[in-house]
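Working notes, structure below.
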Amino acid sequence: MIDRRTFVTALAATAAIVAAVPARASEEPIRIGEMNSYTRLPAFTLPYRNGWELALEEVNAAGGVLDRQIEVISKDDGGEPGTAVTMANDLLAREKVSLIFGTLLSNVGLALADFAKQKQIPFIAAEPLTDTIAWSQGNAYTFRLRPGTYVQAAMLAEEAAKLPAKRWAVVAPNYEYGKSAVEAFKTLLSAKRPDVEWVGEQWPALFKIDAGATVQALARTNPDAIYNVTFGADLIKFVREGKLRGLFEGRQVASILGGEPDWIDPLKDEAPEGWIVTGYPWYALETPEHVKFREAYQKRFNDYPRLGSVVGYAAMKTIAAAITKAGSTEPKAITAALRGLTLDSPLGRITYRAADQQSTMGTFVGRLTVKDGMPRMVDWRYGDGAQYLPSEAEAAKMRPAE
Amino acid sequence: MSFYAVQFLTGLASASSLFLVASGLSIIFGVSRVVNFAHGSFYMLGAYIAYSLTLRLGGGAFGFWGAIGLAAVAVGLIGVLMEMALLRRLYRSPELFQLVATFGVVLVVQDLALATWGPDDLLGPRAPGLSGAVSILGHRVPEYDLALIVIGPVVLVILWLLLNRTRWGILVRAATQDPEMAGALGINQKWLLTGVFFLGSLLAGLGGALQLPREPANLLMDMGIIAEAFVVVVIGGMGSIGGAFLAAVVIGELQAFGILIFPEITLVLLFLVMAVVLVIRPWGLLGKPEAIIPKAAARDVGRPFRPLKAAWRWAGLGLLGLLVALPATAGDYALQVASEVLIFTLFAASLHFLMGIGGMISFGHAAYLGFGAYGSALAVHHLGAPMEAALIAAPLLAGMGGLVFGWFCVRLSGVYLAMLTLAFAQIAWSGVFQWYDFTGGDNGLIGIWPAPWAAGAAGYYYLTLMLTVAALWVLKRAVFSPFGFALRAGRDSRLRAEALGIDVRRVQWLAFALSGAAAGLAGGLYAFLKGSVFPTVMAIPVSVDGLVMVLLGGVHTVLGPLIGAVAFTGLKIGIAAETHFWRILLGGLILATVLAFPKGIAGFLKDKLMRPER
Amino acid sequence: MSPLLAIHDLSKAFGGVEAVRSVSFEVAAGEAVALIGPNGAGKTTCFNLIGGQLRPDAGGIEFRGRDIAGWPPHKVWRLGIGRTFQVAAIFPSMTVQENVQMAMVSHTGRALNLLTPLAGLEAEKADALLERVGLAAQARRACGLLAYGDLKRLELALALANDPALLLMDEPMAGVARGERAELMALIGRVVAEEGVSVLFTEHDMDVVFGHASRIVVLHRGEVVADGAPEAVRADARVREVYLGAEAGQGGQPC
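Pasting the structure below:
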């Protein structure tokens, strides 16, 4: 089975990375700390790990940076902010890393962001979606790579505004990500379409959706369209029940992250066709930088990349670029280098904006369909983060004074 | 109108799944008194095994239903394996000790499932012949929901017949009512228990397997279901299968209709209902009230505490000396870990004060850790309080939490009391989780760093050491004071204690406050150690960690919880820092430990090192 | 002079069953009153009503002129009513001495004291009391290791720890080997006489009842059927009919 092989490979790779001291490096390797919810949310984080491992191998094979190899010390935060801080202490005090990157869960990301500020060490929040990490609770040491909730919602809202639908209902997991994804979407869509009416809301507890009851409750409000924020097992349950009960018939659905293979692929041929989603069409993105990445990834892991893989890959490339630019492994120098850093990612050129330290990595928006038994995005386009983020001046205003 | 009827059917379908899992748990608990955390893991395994079997057996009706049945039986056998290899060796251990072993199983199963089935959610096939929906009153209802609505009561009837019309069932019921009596009647308890675990685990597996058409097999299923299953068992009444069914229906329907009025209530509804039921009808909907007049003496309360011999006192002082000298040799990380271990030692000791001394099991002790952590964080965040003041706020808020929760809890006893503590902890957790403006919700409160003089690892370590040792000294002093003895008196024999002028309820109530305050101080220290506070600090896993520490160390000793906390926290941090596969290692170590020390680590030391009393 | 304990029209029902029906009797200072009756007569229920373990449905319980009906056990005890149970109730996780110390500390109202170690409180007084019940040699032992007869002695010591005016003893001989009974009963008699305590007790052993009671109250199906001196009760035709007849019919099984 592929999965068992992945597991063994991952195990071996981790062991190799943690243990191996590159033979040819005359100097000590540059030590980088990494952390994610590997045990809590492996479906998203293991492909992410593959991504940064691939980039790490490429960087080291090309001679490393500053003529030194990069060594990554990887930790599992178990999905707990408290554990994350313990691990970060370990990385900083015992492993003497120059930088920390990773995290997926928003609260873990925020805990580490504050830790980074306190310890004055650069932290690249690779995957957290919460925008507080860049704006209302942003700090000088924290950089966020992935496009946040606001950008994703903005791209969806733009498409949603083109629909005739007036009556909208929302369903979202009951926690900060769900709340802010709904709030952003509502604000942006209402701004574009003042005639839109919000007729119903459902807030199932994260990963505990009572799908049948939720679908019924949504149908009862008789919306023209539905905005979905659920993901993971919740999304799968919601889609199955919704299809069975005819919730989606004659209704438009906009679903944030719904096109990311990490979350939608388990549905296989049952993926809901016609949904407007943000996501990652790895199968159809034929830009040279992406093709190169995809081929390398497939060759290395015998598996296709997920969005997490792209983020992990780009995070490691960011680190290499930042250290090269800084010409030093001093945390202060790296932090300074990261501000305004521009580099090429598999999704194109991205910049870490100096004002809010948010990267301009964008995402794809399109319609979901099923091809060869797997979910696929069609009619998609790439939205550059720079187009959808608030201007740097506006973003800077949202951040606390330093 | 038709909408409500259909919503009712939807609630019934959810109730059926919940009932299957809960009935298994109820049967196991009723006979063995084992609080089986692994029940959720069995549910998850049921789904995964059924998924794999459907791939092998093909998609026809035979393949599908065959896979469901085989998966249930396979999980039943896994339950038998756990009972025979593990729990059977632990029945003579102190009460609840088996809980630690089942927790070890949970950890091991999590990593094994990840290794076997991979990280992705696995969506199984729909049930052949039941894959569509039928129109009822103009609404579409999935056929499979209707099947579940039938399966639930059918299983209920089969269980009823099994328990009331077979000799085996009558023995099971006898053992449920009075395990000791059943033993005295010469019932072969060994095989009775094995049989019960087979049946209970089979039901969990069946519940999981039947979810396959509704929910992908995924790695979060185990933790998702276990708390709910316990709630259903408690609301229905321990050991009552009919009660479990009724409770499942109540929960299923409240969920289905609750979200129409309060869409955000799902987070807490379950625990609100349980708290209300426990306060109004402590023995559950269909359970039998416990005897009005308590028994003369508790079954298992341990032996008198003996003061440590001089040599041990010196050893203790020596250890303290080493702890004081630690910053001279240890690096920052080691000091931070040491601080965390000290904090959890205090947390465990506070839990032990309730559990070990007071005989009141708390399944929700993380609430007080959380109250303390939030007490500090809120004082800093909203009032701009300095660290010193915030650290005073922590035990105060947590102590008040103990007073409020304790007031209700001391009106109950045993497992019902334990479940009410869990309900309150979950209610507090969801309050903190949803009150964004005040607590920051699940994004927590950040920027809670120590005052400059304690900002360094060594400075904060000394602060933690000082406060922890002081609090432990107060707790120890309390254990050996009249108050501590009065608390033990109420635990040993409530009847006698009350007939000696001790207001047991008041003593227990104050114990809640004292224990809460001690845990709260630990929480305050934790907040400043981490620099931030999140609702996870008061979530169920932290409560479970506390239980494991106390039980692993030895509930009937004063030093046990300290040893348990050091061993568990140290191991958890140490292993997790080294490998992503920490769960299987930690779980394996826990299993090895419980098998080697079936009376807890300190219980073992007490037996081996101290002269047995004549 | 008003009696020490006066029960009047006391009633208690469980579900539909009336365990105690309009029971009235008195215990005067210095008396040893036996409450007897066949199984299910309501003796233990009476005790639990007086001791506060149960709340009466109706009726009054006056102790030294105060109505204590419905008071919780710990308050009843504070007024000076000691109690032993059918199955000896002690604190098994403590030593014998600690049991008695606990009782004495509670008597002096220091049970909520958090800071003084119990070890130094009332230790000598506890030892003195243990001496009197013949347990001095066992003082440091864990209660769990005591023989049952010794547990009964310990319970007696606990019941006496607050210098009670009235002692309620529910079947003091239950579970005690026949050979030990005489000695234990002699001890109880001696201590009771020394302390000047009044006693209300139940017992199935008729030798004990008629040997030690100054008065006997007979209960049958929750009602008082006789109340008087031992000779009078022994001679009472109704008692012979309902009690001794019933007893004989049940084979005289205690409990």
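Chains as they are written, first to last, in the working numbering: chain H, 1 to 402; chain E, 1 to 614; chain U, 1 to 255.
Virtual Cβ for every residue (Gly too), placed ideally from N, Cα, C.
Query	Result
Opposing strand residues paired with U/Ala6 [DSSP bridges]	U/Glu26 and U/Glu62
H/Val59 and H/Met316 closer than 8 Å at C-beta	yes
Contacting residues, own chain, Cβ-Cβ under 8 Å from U/Leu112 (five flanking each side not counted)	none
Buried or exposed (CB count within 10 angstroms, at least 16 for buried), H/Ala23	Since pLDDT at H/Ala23 reaches only 44, below the 50 mark, its modelled position is unreliable, and the value read off the structure follows with that caveat. When all chains shown are included, H/Ala23 counts as exposed.
Chain U contact residues for E/Glu498, given Cβ-Cβ distances below 8 Å	Gly52, Gln53, Pro72, Pro73, His74 and Trp77
Environment of E/Gly140 [buried if 16+ CB atoms lie within 10 Å]	The sequence shown places Arg at residue 140 of chain E, rather than the Gly named in the question. Flag for E/Arg140 reads buried.
Contacts of H/Tyr38 in chain E (Cβ-Cβ under 7 Å)	His580
Min CB distance H/Trp135 to chain E below 8 Å	no
Beta-carbon gap between E/Met400 and E/Phe363 smaller than 8 Å	no
Chain-order list of residues whose beta-carbon lies under 7 Å from that of H/Leu218 (same chain, five-residue window excluded)	Ala169, Val171, Gly200, Gln202, Ile226 and Leu247
Beta-carbon proximity of H/Ala111 to H/Val85, cut-off 8 Å	yes
Local Cβ density within 10 Å of E/Arg165, reported as buried at 16 or more and exposed below that	exposed
Where the alpha helix (DSSP H) containing U/Glu231 begins and where it ends	Pro230 to Ala235
Span of the beta strand (DSSP E), counted from its first residue to its last, around U/Arg262	This structure leaves residue 262 of chain U out entirely; chain U is present only between 1 and 255.
Secondary structure, alpha helix (DSSP H): runs of 4+ residues fully inside the segment 23-82 of chain H	42-61
According to DSSP, residues forming a beta bridge with U/Ala13	U/Glu18
Contact under 8 Å by Cβ, E/Pro541 with E/Gly553	no
Residue from H/Asp262, H/Pro400, H/Lys299 and H/Pro266 whose Cα sits closest to the Cα of H/Pro281	H/Asp262
Delimiting residues of the beta strand (DSSP E) encompassing E/Gly237	Careful: E/Gly237 lies outside any beta strand (DSSP E) and carries neither H nor E.
Simplified DSSP state of H/Asn107, which is helix, strand or coil	helix
Buried or exposed (CB count within 10 angstroms, at least 16 for buried), E/Ile280	exposed
Closer than 7 Å: H/Arg339 CB and nearest the ligand ADP heavy atom	This structure simply doesn't include the ligand ADP, nor any ligand for that matter.
Neighbourhood of E/Pro142 by C-beta, 6 Å cutoff - its chain only, sequence neighbours within 5 removed	Ala133
Test: E/Pro153 CB closer than 8 Å to a CB of chain H	no
Cβ of E/Asn164 within 8 Å of any chain H Cβ	no
Chain-ordered neighbours of U/Arg215 on chain E, where CB pairs are closer than 7 Å	By Cβ distance, chain E contributes nothing, its closest Cβ being about 24 Å from U/Arg215, past 7 Å.
Proximal chain E residues relative to H/Lys268, where beta-carbon distance stays under 8 Å	Leu123
Cα-Cα separation between E/Ala529 and E/Leu203, rounded to whole angstroms	Going by the sequence as given, residue 529 of chain E is Leu instead of Ala. If you take the alpha carbons of E/Leu529 and E/Leu203, they lie about 44 Å apart.
Members of the segment 1-22 of chain E near chain H, C-beta cut-off 8 Å	Phe3, Val6, Gln7, Thr10, Gly11, Ala13 and Ser14
Helix, strand or coil at H/Trp198 according to DSSP, with G and I counted as helix	strand
Inter-residue Cα distance where the pair is H/Gly212 and E/Leu254	14 Å
Residue-chain proximity (U/Leu200, chain E), Cβ-Cβ < 8 Å	no
Proximal residues of chain E, C-beta to C-beta of H/Arg94 below 7 Å	Gly331 and Tyr333
Identified DSSP bridge partners for H/Arg367	H/Ile276 and H/Val378
Where the segment 197-210 of chain H meets chain E: residues whose CB sits under 7 Å from a CB there	Glu201, Gln202, Trp203, Pro204, Ala205, Phe207, Lys208 and Asp210
Beta-carbon proximity of E/Trp509 to E/Val410, cut-off 8 Å	yes
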